[in-house]
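I have placed the structure first, in the form of C-alpha cells, so that the comments after it can refer back to it.
Residue numbers (my numbering): 2 to 67.
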C-alpha cells in the first residue's frame, strides 16, 4: 500500500488560530500546527511576539495532499 503524497507549507498571515481554522476546512489538508517563524528568540511566547517585538510572525504549518 502506498502512502498519499504530502507537501508541507508554512504560512504567516495574522492570528494563527483564525488561519488554522480556515486551513483545516480545505479539502486535502491533512494536518496543521501553529507556532512562530523568524525572529531571534529560541523559544518565543505569545507575549514575546505581540506587536512584533521579537521579529517573529505567527504561522501555521500545513501538511496537505497536493
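Cβ coordinates follow ideal geometry from the N, Cα and C atoms, glycine included.
Computed from a prediction, not measured in an experiment: that's the story for all the values here.
By the CB criterion at 8 angstroms, residue 59 and residue 13 fall inside the cutoff. Here the C-alpha atom of residue 11 lies approximately 16 angstroms from the C-alpha atom of residue 56. For residue 62, DSSP records a beta bridge to 11 and 34.
Around the CB of residue 45, 16 or more other CB atoms lie within 10 Å, so the residue is classed as buried.
Going by C-alpha positions, residue 16 is about 17 angstroms away from residue 26.
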